[in-house]
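Trainee: Dumping the structure here so I can ask a few things about it.
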Amino acid sequence: MAAGREIVTLQFGCYSNFIGAHWWNLQEAGFEYNADNPSEINHDVLFREGVTSKGHVTFTPRLLLVDLKGSLGHLRQEGDLYNHPEDVNPNKVQWPVEKVDVLCTPTVEKNEFINDLESEENVMVNTEAPGSLPKVYNLDSVTNVWADYLRTRYHPRTVSIINEYEHNSDTKPFDVFNQGANLWKTEQFQDDFTDRIRMYAEECDNMQGFHILLDGSDGFAGLGTSALEYLEDEYSTKSKLVFPTIPSEFSNTTTFQDSVRLLNLALGFHSLAEHSSLFVPLCMGSSGWRQPGVPRDFPHLRYNSSLAYHSSAVLAAALDTATLRYRLKTGMRTSLSEMTDSLSRLGRRVAVASLGLPFAMEYDAYLLDTLEQWEGPLWQTLSPNCNLENDRIWIQSVVLRGVPKLRLKSVQMQQDRNPAYTCTSVQEMLSLFLTCCSYATASHVTSADSPCNVSSPFPQIFSEFVGLDGSVSTQKRPGNIGVYSVPAIAGLHSCRSVGDMLAALNMEVRKLQLKRFHCFCNSGLEEDEYEECLNHLALLRECYNEEFDV
């Protein structure tokens, strides 16, 4: 049991589901099946145990997701974990054969990874062949939807499909905030979705709250924030940590479409600031507004920003690492509410995400030596229009994983006047380092021995100078060997540059005249609602002035 620390996760939209698929894969790859070596991560926080009608025990994400028609590829909406589909044989139908018409939906071609998964082949480490490594897949050219690399099995109630709108449709796109808000108001959708939330909530001993991932630049912004408003009414005492996401690339776009996305983001941020405990915008682009902008650079990654399969994997690694603060069984375990409350002081409901992937350590290096020789920032910013380097950070939650205590410092090292020599834990040493590097910053540091498990289907985006265990080297890794686990550092930060982000968004949106965007007016957005949104963004931006220091 999760001992009263359960969290329900909601995902709204294609890109959020790309991130989610990677996130659940990462967690499942970290499951420990050896009872003599139990995992330090409490997977019961985000997963739930169930039983099929045949008595088989299942362990599936406590998850609800929404996507458009045509977004599942080969995956059945209800999955096959509890009910296995059977092909219809017309010869077994109790009707004359000449009176039977068999209608078949087009078969979706499955890639090598999915075929191996369905064949129950041993794609992980083969214990009968010592020294063998997990199989490496190249899915870059065959990934069209998030289901193409989903390893984790979902519960039958997890997936909801909006059949009124089709994936990648040019004739009827789901691209306006109010389309999503209006869909939520329909009795059929709202009743069904809230029933699913309620079933999960009633299973919990003492639920902590909700994780919500939503596409921030299309109709899912309206749908996701409407669901959030419902959660605020029905589960007011529970924390709601929201991640509005922006894809790393929009292809074949027009100036008008760029403006529509801008309006969706503004309306979404306004609602998130009202109803979430904390929200953290995520984008692999540096700007986010109109176009995502220049891709964020990671020294040891070689990712393709035009592939959602790549960019979403990096964001998933950040989520998996940053949320370990309240998902560990041991150590200075805190709750989701403690983290969101500390980061949202003085009305600062927006935080910035960061990630260092991998956390660059040489194979035989110690943490003390690594930090003493470190040049530049520990991480890269993952929120649009923000730059944590040289930023004024008031409060931050930082997680370092994959660096065990035995790599803290050399036992042969002689103590000198450096206070770091007296540190007895990874957490203590990193806290000291951050204190020295950041002026008047309150840092909560969490450390975990477990690395980030990035074996397939996680994309092979690591530099050839990253070893299979995530260590960096001057020697190239053999081309036929992948990277299977990496140390990582991730953080959530309340900082001054959030004000710059909000100011940039407000400035861009104020250039637009709502009456020119009939798609918003026709779907029910009033001029006074629009003005209220802009004014609220301006007020939110003022919370990040330096005179309101923590």
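Be aware that the sequence shown starts at 1, since it is given in the UniProt record's numbering, and climbs by one per residue. Even glycine gets a Cβ: it sits at the ideal position worked out from N, Cα and C.
Suppose the cutoff is 6 Å on Cβ atoms and the five residues either side in sequence are ignored; what does the same chain contact list for residue 499 look like?
Mentor: Against the sequence shown, residue 499 aligns to sequence position 499. Counting only Cβ-Cβ distances below 6 Å, and skipping sequence neighbours, we find 541, 544.
Trainee: Rounded to whole angstroms, what's the CA-CA distance from residue 364 to residue 350? Just pull it up for me.
Mentor: On the sequence shown, position 364 is the one that residue 364 refers to. On the sequence shown, position 350 is the one that residue 350 refers to. For residue 364 and residue 350, the distance between alpha carbons rounds to 39 Å.
Trainee: Classify residue 315 as helix, strand or coil using the three-state DSSP reduction.
Mentor: As a position in the sequence shown, residue 315 is number 315, starting the count at 1. Residue 315 falls in the helix class under three-state DSSP.
Trainee: Check residue 182 in the structure and name its three-state DSSP category.
Mentor: Position 182 of the sequence shown, counted from the first residue, corresponds to residue 182. In this structure, residue 182 counts as helix in the three-state DSSP scheme.
Trainee: Using the C-alpha atoms, what's the distance from residue 172 back to residue 215?
Mentor: As a first step, residue 215 must be located in the sequence shown, where it is residue number 215. As a first step, residue 172 must be located in the sequence shown, where it is residue number 172. Using only the alpha carbons, I get a separation of about 18 Å.
Trainee: Answer with buried or exposed for residue 234, where buried requires no fewer than 16 other C-beta atoms within 10 angstroms of its C-beta.
Mentor: Working through the sequence shown from its first residue, we reach residue 234 at position 234. That one is exposed.
Trainee: Look at the alpha carbon of residue 46 and the alpha carbon of residue 29, and state the distance between them as a whole number of angstroms.
Mentor: The residue given as residue 46 occupies position 46 in the sequence shown. The residue given as residue 29 occupies position 29 in the sequence shown. In this structure, the straight-line span from the alpha carbon of residue 46 to that of residue 29 is close to 14 Å.
Trainee: Let me know the secondary structure DSSP gives residue 215 once reduced to three states.
Mentor: Numbered from 1 along the sequence shown, position 215 holds the residue referred to as residue 215. In this structure, residue 215 counts as strand in the three-state DSSP scheme.
Trainee: With residue 20 as the anchor, note down where its alpha helix (DSSP H) starts and where it stops.
Mentor: Along the sequence shown, one-based indexing puts residue 20 at 20. Looking at the DSSP string, the run of the alpha helix (DSSP H) that includes residue 20 is 14-29.
Trainee: Taking the alpha carbon of residue 466 as the point to measure from, which residue in 411, 421, 360, 506 has its own alpha carbon closest?
Mentor: Numbered from its first residue, the sequence shown carries residue 466 at position 466. Taking only the C-alpha atoms, the option nearest residue 466 is 360.
Trainee: Roughly how many angstroms lie between the CA atoms of residue 124 and residue 115, to the nearest whole one?
Mentor: Position 124 of the sequence shown, counted from the first residue, corresponds to residue 124. Position 115 of the sequence shown, counted from the first residue, corresponds to residue 115. Bear in mind that the predicted position of residue 124 carries a pLDDT of just 46, short of 50, making it unreliable; the figure below should be weighed with that in mind. Going by the C-alpha atoms only, they are around 14 Å apart.
Trainee: Quick test of your reading: residue 388 and residue 433, contact by CB under 8 Å. State the CB separation rounded to the nearest angstrom.
Mentor: For this step, residue 388 is matched to residue 388 along the sequence shown. For this step, residue 433 is matched to residue 433 along the sequence shown. Going by Cβ atoms, the distance from residue 388 to residue 433 rounds to 15 Å, so no, they are not a contact pair.
Trainee: Give me the Cα-Cα distance between residue 127 and residue 134, rounded to the nearest whole angstrom.
Mentor: For the purposes of this step, residue 127 is taken as residue 127 along the sequence shown, with counting starting at 1. For the purposes of this step, residue 134 is taken as residue 134 along the sequence shown, with counting starting at 1. For residue 127, the predicted structure reports a pLDDT of 41, less than 50, and the residue's modelled location is therefore unreliable. A value from the coordinates is still provided. Answer to the nearest angstrom: the Cα atoms are 11 Å apart.
Trainee: Per DSSP, residue 401 forms a beta bridge with which residues?
Mentor: Within the sequence shown, numbered from 1, the residue matching residue 401 stands at position 401. DSSP output for residue 401 lists 448, 488 as bridge partner(s).
Trainee: Tell me, please, which residues DSSP counts as bridged to residue 353.
Mentor: What you label residue 353 is simply residue 353 of the sequence shown in a count that begins at 1. Its beta-bridge partners are 492.
Trainee: Using three-state DSSP, classify residue 115 as helix, strand or coil.
Mentor: Position 115 of the sequence shown, counting from 1, holds the residue named residue 115. In the structure shown, residue 115 sits in a helix (DSSP, three-state: H, G or I).
Trainee: Throw me the rounded Cβ distance for the residue 7 and residue 66 pair, which I believe falls under 8 Å.
Mentor: What you label residue 7 is simply residue 7 of the sequence shown in a count that begins at 1. What you label residue 66 is simply residue 66 of the sequence shown in a count that begins at 1. Not confirmed; about 18 Å, so no contact.
Trainee: Taking the beta carbon of residue 199 as the centre, do at least 16 other beta carbons fall within 10 Å, making it buried, or is it exposed?
Mentor: Position 199 of the sequence shown, counted from the first residue, corresponds to residue 199. Label assigned to residue 199: exposed.
Trainee: Beta carbon of residue 46: closer than 7 Å to some heavy atom of the ligand MG?
Mentor: The ligand MG is absent from the structure shown, which contains no ligand whatsoever.
Trainee: Please list the terminal residues of the continuous beta strand (DSSP E) segment that includes residue 59.
Mentor: Position 59 of the sequence shown, counting from 1, holds the residue named residue 59. Per DSSP, residue 59 belongs to the beta strand (DSSP E) from 57-61.
Trainee: With DSSP as the reference, please indicate the residues paired to residue 210 in a beta bridge.
Mentor: Within the sequence shown, numbered from 1, the residue matching residue 210 stands at position 210. According to DSSP, which records beta bridges pairwise, residue 210 is partnered with 8, 240.
Trainee: Could you spell out the range, first to last residue, of the alpha helix (DSSP H) harbouring residue 193?
Mentor: By one-based count along the sequence shown, residue 193 stands at place 193. Its alpha helix (DSSP H) spans residues 187-203.
Trainee: Output the boundary residues of the beta strand (DSSP E) element that contains residue 510.
Mentor: Mapped onto the sequence shown, residue 510 falls at position 510. Where residue 510 is concerned, there is no enclosing beta strand (DSSP E), although the alpha helix (DSSP H) it sits in stretches over 497-510.
Trainee: Decide yes or no for the touch test of the segment 52-72 against the segment 191-211: beta carbon pairs closer than 8 Å, at least 3 of them.
Mentor: yes
Trainee: What does a CB cutoff of less than 7 Å around residue 143 pick up in its chain, not counting 5 residues either side in sequence?
Mentor: Working through the sequence shown from its first residue, we reach residue 143 at position 143. Excluding five sequence positions before and after residue 143, the CB atoms of its chain that fall closer than 7 Å to its own CB belong to 149, 309, given in chain order.
Trainee: Name the one or two DSSP bridge partners that residue 283 has.
Mentor: For the purposes of this step, residue 283 is identified with residue 283 of the sequence shown, where counting begins at 1. Answer is 246, bridged to residue 283.
Trainee: Quick one: grab the DSSP three-state call for residue 453.
Mentor: Taking the sequence shown and counting its residues from 1, one reaches residue 453 at position 453. If DSSP states are grouped into helix, strand and coil, residue 453 belongs with the strands.
Trainee: Please check the pair residue 598 and residue 26, which I expect to be a contact at CB under 8 Å, by giving their CB distance rounded to whole angstroms.
Mentor: Residue 598 is absent from the structure shown; the chain starts at 1 and stops at 550.
Trainee: According to DSSP, simplified to helix, strand and coil, what is residue 365?
Mentor: Translated into positions along the sequence shown, residue 365 becomes position 365. DSSP places residue 365 in coil when its eight states are reduced to three.
Trainee: Buried or exposed for residue 491, please, with buried defined as at least 16 other CB atoms from any protein chain shown within 10 angstroms of its CB.
Mentor: Here residue 491 refers to the residue found at position 491 of the sequence shown. It counts as buried.
Trainee: For the alpha helix (DSSP H) that contains residue 535, what are its first and last residues?
Mentor: Counted from its first residue, the sequence shown places residue 535 at position 535. Under the DSSP assignment, residue 535 falls in the alpha helix (DSSP H) whose first and last residues are 527-542.
Trainee: Could you round the C-beta distance between residue 488 and residue 358 to whole angstroms and report it? I think they count as a contact, below 8 Å.
Mentor: Residue 488 sits at position 488 when you count from the first residue of the sequence shown. Residue 358 sits at position 358 when you count from the first residue of the sequence shown. Yes, they are in contact, since the Cβ atoms of residue 488 and residue 358 sit about 6 Å apart, within 8 Å.
Trainee: Taking only three categories from DSSP, how would you classify residue 427?
Mentor: Reading the sequence shown from its first residue, position 427 is the one you call residue 427. Residue 427 falls in the helix class under three-state DSSP.
Trainee: Excluding sequence positions up to five away, which residues of its chain have a Cβ less than 8 Å from the Cβ of residue 251?
Mentor: As a working mapping, residue 251 is identified with position 251 in the sequence shown. Same-chain partners within the cutoff: 306.
Trainee: Could you tell me which of 222, 75, 12, 463 sits nearest to residue 474, measuring between CA atoms?
Mentor: For the purposes of this step, residue 474 is taken as the residue at position 474 of the sequence shown. The shortest Cα separation from residue 474 among 222, 75, 12, 463 belongs to 463.
Trainee: Can you name, in chain order, every residue of its own chain whose Cβ lies under 7 Å from the Cβ of residue 320, other than the five neighbours on each side?
Mentor: Along the sequence shown, one-based indexing puts residue 320 at 320. Contacts found: 23, 26, 27, 452.
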